[in-house]
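Notes follow the structure.
Number of protein chains: 2
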Amino acid sequence: MTITQNIKIAVDAIVFGYANNNINVLLIKQKFGELKNQWALVGGFVKDDERLNDAVNRELNEEAGIKVNYLEQLYTYGDDINRDPRFRVVSVAYFALVNSTKLVLTADSDAEDAKWFPIGNLPPLAFDHREIITTAHNRLKSKLTYQPIGFDLLPEEFLFSDLENLYCTILEKEIDRRNFRKKTLSFGIIEETVNFSPKKNGRPAKLFKFNKQKYNELFKGGFLFEIKFA
Amino acid sequence: MTITQNIKIAVDAIVFGYANNNINVLLIKQKFGELKNQWALVGGFVKDDERLNDAVNRELNEEAGIKVNYLEQLYTYGDDINRDPRFRVVSVAYFALVNSTKLVLTADSDAEDAKWFPIGNLPPLAFDHREIITTAHNRLKSKLTYQPIGFDLLPEEFLFSDLENLYCTILEKEIDRRNFRKKTLSFGIIEETVNFSPKKNGRPAKLFKFNKQKYNELFKGGFLFEIKFA
DNA sequence: ACAAAAGTGTTAATCTTACACCCATGT
DNA sequence: ACATGGGTGTAAGATTAACACTTTTGT
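So the protein sequences, as listed, match chains Y and L.
Taking the numbering used here, the leading residue of the first sequence gets 11, the next gets one more, and so forth.
Taking the numbering used here, the leading residue of the second sequence gets 11, the next gets one more, and so forth.
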């Protein structure tokens, strides 16, 4: 049985980072082809002997020199036959998060043309990448409420106010500080450290840490993380 | 820029049907190749000029002569390079539901080798199809609690007790009839019809109908369907 | 009259929301 | 002493959970 098929498989990564009350998306500038100088998602073709997830990690490393904290498959784009003007490409898009200590892109490899853009201020994008980012953004917003992925956008140790601001920013909602704190602490998956923030203004704030192991245990026991606010 | 790549793209469909307090999965018997006579999911290779979702619908029609009530992309399987022993295949799996009036497979097309199997009693399966079905089954269980997809497994008009049994069966939980009815009716998306069930035993029961249009309106306004029970 | 499944309300417990003042530091 | 952001408790309201008897039909 022989199959002739002329479709190429690519992977693309939507990488989100959080800084200064802003969600940022990692983009790279196309260097070749018809779409030269347009901005696009990190991505590329899958090698014959390469797993899909290895392909994404490889591209992230080659094109932006970055290692992500969280990676999951998002959606496979293959319904628009002409999404790539050159030939038919089906792209498996991955949703990724990096914590804010990695927001400075190191200039090694091809990374010079990689840049963070605030989600509210994206440049014109190649292919259907704008649409893909919208899907990823929706995933971010909804997933934040039922999985503890916010911690993958923050440094190892963080201020409670940072966590709160992250939720406010991404969900575009006002949050009551007391209720938020009560709720999130009640899960028992966030721990106080002995450290304090190096702040200029106001009362010094304790630094907190997400206990992932504890979360995993609770999760196995049926516990569901959930943050919802009117 | 030329890309050489030797990976084929296929689609597979996990179709669930509900009957007699049982979830059933649609499988077909392989006719050719090394895996001849093994059971497998409906699926096949994508044509060069065919959208992914068109490919699934075509395969569903060709191999089982069935039209589904609900279809969504599930996951793309491409991390196991040898999942198909012949050559590398990346498969986009789709999650589908049919309502119980369609559980009798018409014998047209290739459908003679298509059969429903209770999820608790599957035959040995080709490729990684067992694993794919597990993922789909999990999606069914979780989605049932936050989207009104249960109605796609029932006939147009159904008994409240059928709906309740469907939830009990799929979620593997006891449900309080009064609380369940109160909650689901409170959404205002289920309507009483004038018809009654043709039952042998007990008090005749009203037939109900899901008002999809109403749900869509509410959904746009921010309403979230949610059925959770301890 | 009895078997079988449908239909229906109330109460306690829990969770969610709304809301305002004091605290610790730097300048 | 004041400006800045951190930290905390309580009460009303809404939602969920637990629970048992009556109704309508066929036999």
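Quick reminder that beta carbons are idealized off the backbone N, C-alpha and C, glycines included.
All of these numbers come straight from a predicted model, not from anything done at the bench.
- [ ] Would you verify that the beta carbon of Gln48 (chain Y) is, or is not, closer than 9 Å to some beta carbon of chain L?
- [x] Chain L, which has no Cβ nearer than 9 Å to the Cβ of Gln48 (chain Y), makes this no.
TODO: Could you name the residues of chain Y that Gly88 (chain L) contacts, counting a contact when the two beta carbons are closer than 8 Å?
DONE: Those are Ile19, Val56, Arg61, Leu62, Val102, listed as they occur along chain Y.
Task: Neighbour flag for Gln40 (chain L) against chain Y, beta carbons, 9 Å - done: No, Gln40 (chain L) lies away from the interface with chain Y (no Cβ there is under 9 Å from its Cβ).
Task: Residue from L:Ala74, L:Asn47, L:Ile91, L:Gly75 whose Cα sits closest to the Cα of Lys9 (chain Y) - done: Residue 9 (chain Y) lies beyond the stretch modelled for chain Y, which goes from 11 to 240, so this question has no answer here.
Task: Pair within 9 Å by beta-carbon distance, Ile33 (chain Y) and His139 (chain Y) - done: Contact flag unset, no.
Open item on the list: Just checking: is the beta-carbon of Gln83 (chain L) within a distance shorter than 9 Å of some beta-carbon in chain Y?
Closed with: Interface with chain Y (9 Å Cβ-Cβ cutoff): Gln83 (chain L) is included.
Open item on the list: Does Asn67 (chain L) pass the burial test, meaning 16 or more other C-beta atoms within 10 Å, or should it be called exposed?
Closed with: Buried: at least 16 other Cβ atoms inside 10 Å.
- [ ] Would you give the residue range spanned by the beta strand (DSSP E) that Asp22 (chain Y) belongs to?
- [x] Segment 18-29, the beta strand (DSSP E) holding Asp22 (chain Y).
Open item on the list: Three Cβ pairs or more, each shorter than 8 Å: is that satisfied between the stretch 49-56 of chain Y and the stretch 17-25 of chain Y?
Closed with: Result yes; three or more Cβ-Cβ pairs closer than 8 Å.
Open item on the list: Here's the rule I'm using: 16 or more other beta-carbon atoms within 10 Å means buried, otherwise exposed. How should Phe161 (chain Y) be labelled?
Closed with: Phe161 (chain Y) comes out buried.
Task: Which of helix, strand or coil DSSP assigns to Thr179 (chain L) - done: Secondary structure at Thr179 (chain L): helix, using DSSP grouped into helix, strand and coil.
Task: Residue from L:Asn79, L:Ala103, L:Ser196, L:Phe197 with nearest C-alpha to Gly88 (chain Y) - done: When only C-alpha atoms are compared, the closest one is L:Ala103.
Open item on the list: Could you tell me the alpha carbon to alpha carbon distance between Ile142 (chain Y) and Asp94 (chain Y), rounded to whole angstroms?
Closed with: Their Cα atoms are separated by approximately 14 Å.
Task: Within 9 Å, strictly: CB atoms of Asn150 (chain L) and Ile180 (chain L) - done: The residue asked about is misnamed: residue 150 (chain L) is Leu in this sequence, not Asn. Yes, the Cβ-Cβ distance between Leu150 (chain L) and Ile180 (chain L) is below 9 Å.
Task: Residue from L:Arg96, L:Lys46, L:Phe206, L:Glu60 whose Cα sits closest to the Cα of Ser171 (chain L) - done: Out of L:Arg96, L:Lys46, L:Phe206, L:Glu60, L:Phe206 has the C-alpha closest to the C-alpha of Ser171 (chain L).
Task: Endpoints, beta strand (DSSP E) assigned at Leu228 (chain Y) - done: Unbroken run through Leu228 (chain Y) is the alpha helix (DSSP H), 222-230; no beta strand (DSSP E).
- [ ] Figure out for me which residue from Y:Glu69, Y:Phe105, Y:Lys209 has the closest Cα to the Cα of Ile159 (chain Y).
- [x] Of Y:Glu69, Y:Phe105, Y:Lys209, the residue nearest in Cα terms is Y:Phe105.
Open item on the list: Check whether chain L comes within 9 Å of Arg98 (chain Y), counting only Cβ atoms and requiring the distance to be less than that.
Closed with: At least one chain L Cβ lies under 9 Å of Arg98 (chain Y).
Open item on the list: Taking beta-carbon pairs under 7 Å, can you tell me which members of the stretch 197-214 of chain L lie near chain Y?
Closed with: Hits within the stretch: zero.
Task: Identity of the residue in Y:Ser110, Y:Ala29, Y:Lys216, Y:Val100 nearest Ile76 (chain Y) by Cα - done: Ranking the options by Cα distance to Ile76 (chain Y), first place goes to Y:Ser110.
Task: Glu184 (chain L), buried or exposed, once every other Cβ within 10 Å from all chains shown has been counted against 16 - done: The residue is exposed, with fewer than 16 neighbouring Cβ atoms inside 10 Å.
Open item on the list: Short of 6 Å in beta carbon distance, which residues of its chain neighbour Ile19 (chain L), apart from the five on each side in sequence? Order them along the chain.
Closed with: Once the five neighbours on either side are set aside, the close Cβ partners of Ile19 (chain L) are Val56, Val100.
Task: Asn34 (chain L), enclosing beta strand (DSSP E) - first and last residue - done: Run containing Asn34 (chain L): 32-39, per the beta strand (DSSP E) assignment.
TODO: Assign Glu44 (chain Y) to one of two classes, buried (16 or more other C-beta atoms within 10 Å of its C-beta) or exposed (fewer than that).
DONE: With fewer than 16 other Cβ atoms within 10 Å, it is exposed.
- [ ] Please report the Cβ distance between Leu217 (chain Y) and Phe137 (chain Y), rounded to the nearest whole angstrom; I am assuming they are in contact, meaning their Cβ atoms lie under 8 Å.
- [x] Taking C-beta atoms under 8 Å as the contact rule, Leu217 (chain Y) and Phe137 (chain Y) fail to qualify, at a distance of about 41 Å.
Open item on the list: Any beta carbon from chain L within less than 9 Å of Gln223 (chain Y)'s own beta carbon?
Closed with: No, no contact with chain L.
TODO: Answer with yes or no whether the minimum CB distance from Gln15 (chain L) to chain Y is below 9 Å.
DONE: Judged by the 9 Å Cβ criterion, Gln15 (chain L) is in contact with chain Y.
- [ ] Under 7 Å Cβ to Cβ from Ile17 (chain Y), same chain only, skipping five residues before and after it: list those, please.
- [x] Cβ within range, chain order: Arg98, Val100.
Open item on the list: Going residue by residue through the stretch 36-75 of chain L, where are the continuous alpha helix (DSSP H) segments of at least 4 residues, counting only ones entirely within it?
Closed with: Complete alpha helix (DSSP H) runs here, min 4: 62-69.
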